[in-house]
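J.: 60 is the number that full-length UniProt numbering gives to position 60 of the sequence shown; each next residue is one higher, with no gaps. Here a beta-carbon is modelled for each residue, glycine too, at the ideal position from N, C-alpha and C. Dumping the structure here so I can ask a few things about it.
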Amino acid sequence: MVVVVAVAVAVVVVVVVVIVVVVVVVVVVVVVVVVVVVVVVVVVVVVVVVVVVVVVVVVVVVVVVVVVVVVVVVVVVVVV
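Next up, the structure:
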């Protein structure tokens, strides 16, 4: 009788340990997936911000160059 109880307790302990290990592994996997998703989102946001800044700088430079060329042409036409 004592052996049966001991085996039953051992089986219950093993089952509980397996369940705890599975839960811990699942939680770790979920945390890793969440961290990877957050890192990917941050990288995408940074890339989008950099692209927007580069586009804005290029547009501003083009506008400034066009304005300077127009002013120079107007000044040359007025002077000549």
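In angstroms, rounded to a whole number, what distance separates the CA positions of V68 and V62?
T.: Straight-line Cα distance between these residues: approximately 10 Å.
J.: How far does the alpha helix (DSSP H) with V67 in it reach, from first residue to last?
T.: Run containing V67: 2 to 79, per the alpha helix (DSSP H) assignment.
J.: Please report how far the alpha carbon of V55 lies from the alpha carbon of V74, in whole angstroms.
T.: Going by the C-alpha atoms only, they are around 28 Å apart.
J.: Excluding the 5 residues preceding and the 5 following V3 in the sequence, name in chain order all residues of the same chain whose CB lies nearer than 8 Å to its CB.
T.: Closer than 8 Å at the Cβ level, and outside the excluded window around V3, lies no residue.
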